[in-house]
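Peer 1: What follows is a single structure, and I will ask about it in a moment.
Residue numbers (the working numbering): 14 to 368.
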């Protein structure tokens with residue numbers, strides 16, 4: 014018996030806190046169960062109370078609880094005190110008093126136990142949900158090689174097309190407060206509107222913020238500039254080098270057909286109107302040269318077709334190149350620009366020799 018108490022003194026609390034009684038309930042074939050059956054046969058007046066205690070112990074709410082001894086004692090002290098006060102106010106027969114007390118205690122247990130169980134379950138559920146969310150977030154990296162392009166569609170419907178030799182890094186899923194990606198190379202973005210979650214593209218010292226629009230970003234490491242050109246909507250561009258945020262007065266807001274060019278050497282951003290169709294022509298598989306130097310032509314052809322150039326001629330080619338080529342072979346493009354610039358070429362596998 015708990016604490017040397019006699020069975021005649023047992024109430025609901027005492028049954029619930031008695032280790033041997035709980036063991037008998039949890040293992041009906043064990044020695045504790047047999048012992049308690051004999052005891053209750055000798056004290057039939059405690060059978061109903063014992064049955065009520067057994068039902069509570071077998072409930073999932075009770076099994077989920079883990080109270081300290083101090084917390085349990087304090088809880089039941091309050092229950093006992095209220096029961097005693099109620100008994101002092103109204104004198105009833107011993108049978109009625111016992112029945113009322115048992116019912117009151119059982120009601121108290123039914124109220125308190127599920128309440129605490131619910132709190133514990135909610136806390137556990139919240140922690141488990143947070144842990145699951147943390148473990149399910151993954152870092153994703155998409156990369157294209159020379160001669161490749163890649164179309165990506167995010168879970169929010171935003172579409173991104175990567176040009177050749179481009180890397181895009183992001184977390185899946187996006188954070189609840191904003192959608193962030195990191196770009197190296199060139200990409201065309203068609204962002205699904207979401208006023209509550211801005212879309213931010215990080216490119217070196219520039220951060221481009223939109224709520225829903227389409228735009229092009231070019232940020233190859235070997236080039237001297239980062240370019241952000243807007244097709245539809247508005248784009249906010251911030252120079253991170255100046256320690257400015259995306260919400261202060263140092264940002265540049267671009268309208269359609271405007272392009273911000275950030276000079277990596279001077280750290281200055283300039284805005285100008287552009288022919289947006291020529292800027293985004295690559296997205297339609299159109300190769301465009303706009304008064305391009307020969308070294309720029311070579312760099313673009315290497316990316317576009319996945320080849321390497323070997324310049325064997327001594328005399329530099331100084332003339333600028335203009336033109337556009339849609340779905341044309343490398344040989345067709347070289348044939349066109351070699352005729353106007355007076356140079357010869359040979360293609361051997363993945364290498365182009367210029368003479």
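Beta carbons: idealized from backbone N, C-alpha and C, even for Gly. Keep in mind that this is a model prediction, so the values were computed, not measured.
#1: Ignore the nearest five residues each way along the sequence and tell me which others in residue 131's own chain have a CB closer than 6 Å to its CB.
#2: Quick check on DSSP: helix, strand or coil for residue 193?
#3: Any idea what DSSP makes of residue 9, helix, strand or coil?
#4: Taking just the CA atoms, how far does residue 195 sit from residue 179?
#5: As a quick exercise: from 308, 244, 280, pick the residue whose alpha carbon is nearest that of residue 294.
#6: In this structure, how does DSSP classify residue 323 when only helix, strand and coil are distinguished?
#7: With C-beta atoms as the reference, is residue 298 less than 8 Å away from residue 339?
#8: Run the CB neighbour count on residue 369, radius 10 Å, all protein chains shown included, and call it buried at 16 or more, exposed below.
#9: Our contact map puts residue 158 next to residue 164 with C-beta atoms below 8 Å; I'd like the distance itself, whole angstroms only.
#10: Where residue 360 and residue 366 are concerned, what is the direct C-alpha to C-alpha distance, given to the nearest angstrom?
#11: For residue 346, count the other beta carbons within 10 Å of its own beta carbon; 16 or more makes it buried, fewer makes it exposed. Which is it?
#12: Should residue 51 go down as buried or exposed, given a rule of 16 or more other Cβ atoms within 10 Å for buried?
#13: Leaving out five residues on either side along the sequence, give the residues of the same chain with a beta carbon under 7 Å from the beta carbon of residue 206.
#14: Does the beta-carbon of residue 216 have 16 or more other beta-carbons within 10 angstroms, so that it is buried, or is it exposed?
#15: Going along the chain, which residues of its own chain have a beta-carbon closer than 6 Å to the beta-carbon of residue 274, five neighbours each way excluded?
#16: Between residue 324 and the rest of its own chain, which residues show a CB-CB distance below 7 Å, the 5 nearest in sequence each way excluded?
#17: At what residue ranges does the region 263-303 contain a whole run of the alpha helix (DSSP H), taking only runs of 4 or more?
#18: Please state whether the Cβ-Cβ distance between residue 200 and residue 230 is less than 8 Å.
#19: Please state if the CB of residue 334 and the CB of residue 310 are separated by a distance shorter than 8 Å.
#20: Report, in whole angstroms, the separation of the C-beta atoms of residue 62 and residue 25, which I expect to be a contact under 8 Å.
#21: Could you tell me the distance, in whole angstroms, from the CA atom of residue 33 to the CA atom of residue 27?
#22: Report all residues from its chain with a CB closer than 8 Å to the CB of residue 358; omit the five preceding and five following residues, and keep chain order.
#23: Can you find the residues in the same chain that come closer than 7 Å, C-beta to C-beta, to residue 279, ignoring five residues on each side of it along the sequence?
#24: From 168, 175, 177, pick the residue whose C-alpha is nearest to that of residue 185; which is it?
Peer 2: Per the coordinate set shown:
#1: In the chain shown, the residue the question calls residue 131 occupies position 118. Legend: pLDDT at residue 131 = 42, less than 50; position of this residue unreliable, no value from coordinates given.
#2: Here residue 193 is taken as the residue at index 180 of the chain shown, counted from 1. It is a strand residue.
#3: Any property of residue 9 remains undetermined from this structure, which presents the chain solely from 14 to 368.
#4: To locate residue 179, count along the chain shown from 1; it is residue 166. To locate residue 195, count along the chain shown from 1; it is residue 182. The C-alpha of residue 179 lies about 11 Å from the C-alpha of residue 195.
#5: As a position in the chain shown, residue 294 is number 281, starting the count at 1. Selected option, being the one with the closest Cα: 244.
#6: Here residue 323 is taken as the residue at index 310 of the chain shown, counted from 1. DSSP places residue 323 in strand when its eight states are reduced to three.
#7: Counting from one through the chain shown, the residue named residue 298 turns up at place 285. Counting from one through the chain shown, the residue named residue 339 turns up at place 326. A contact, by the Cβ cut-off of 8 Å.
#8: Outside the displayed range of the chain (14 to 368) lies residue 369, so it cannot be described from this structure.
#9: What you label residue 158 is simply residue 145 of the chain shown in a count that begins at 1. What you label residue 164 is simply residue 151 of the chain shown in a count that begins at 1. No, residue 158 and residue 164 are not in contact; Cβ-Cβ is about 15 Å, not under 8 Å.
#10: What you label residue 360 is simply residue 347 of the chain shown in a count that begins at 1. What you label residue 366 is simply residue 353 of the chain shown in a count that begins at 1. Rounded to the nearest angstrom, the two C-alpha atoms are 6 Å apart.
#11: Within the chain shown, the letter at position 333 stands for residue 346. Buried, since its Cβ has 16 or more Cβ neighbours within 10 Å.
#12: Residue numbering aside, residue 51 sits at position 38 when the chain shown is read from its first letter. Answer is exposed; the Cβ neighbour count stays below 16.
#13: Locating residue 206 in the chain shown gives position 193, where the first residue counts as 1. Counting only Cβ-Cβ distances below 7 Å, and skipping sequence neighbours, we find 224, 225.
#14: Sequence index remark: in the chain shown, residue 216 carries index 203 (1-based). Residue 216 sits buried, since 16 or more C-beta atoms from the chains shown fall within 10 Å of its C-beta.
#15: Along the chain shown, read from residue 1 onward, the residue named residue 274 stands at position 261. Cβ within range, chain order: 238, 240, 283.
#16: Taking the chain shown and counting its residues from 1, the one referred to as residue 324 is at position 311. Hits under 7 Å: 367.
#17: The qualifying runs are 289-292.
#18: Along the chain shown, one-based indexing puts residue 200 at 187. Along the chain shown, one-based indexing puts residue 230 at 217. Less than 8 Å divides the Cβ of residue 200 from the Cβ of residue 230.
#19: As a first step, residue 310 must be located in the chain shown, where it is residue number 297. As a first step, residue 334 must be located in the chain shown, where it is residue number 321. Going by C-beta atoms, residue 310 is nearer than 8 Å to residue 334.
#20: Residue numbering aside, residue 62 sits at position 49 when the chain shown is read from its first letter. Residue numbering aside, residue 25 sits at position 12 when the chain shown is read from its first letter. Sure, about 6 Å apart at Cβ, within 8 Å.
#21: Counting from one through the chain shown, the residue named residue 33 turns up at place 20. Counting from one through the chain shown, the residue named residue 27 turns up at place 14. Cα-Cα distance, rounded: 11 Å.
#22: Working through the chain shown from its first residue, we reach residue 358 at position 345. Contacts found: 347, 351, 365, 366, 367, 368.
#23: Position 266 of the chain shown, counting from 1, holds the residue named residue 279. So no residue of the chain qualifies.
#24: The count along the chain shown starts at 1 and reaches residue 185 at position 172. Minimum Cα distance to residue 185 is reached at 168.
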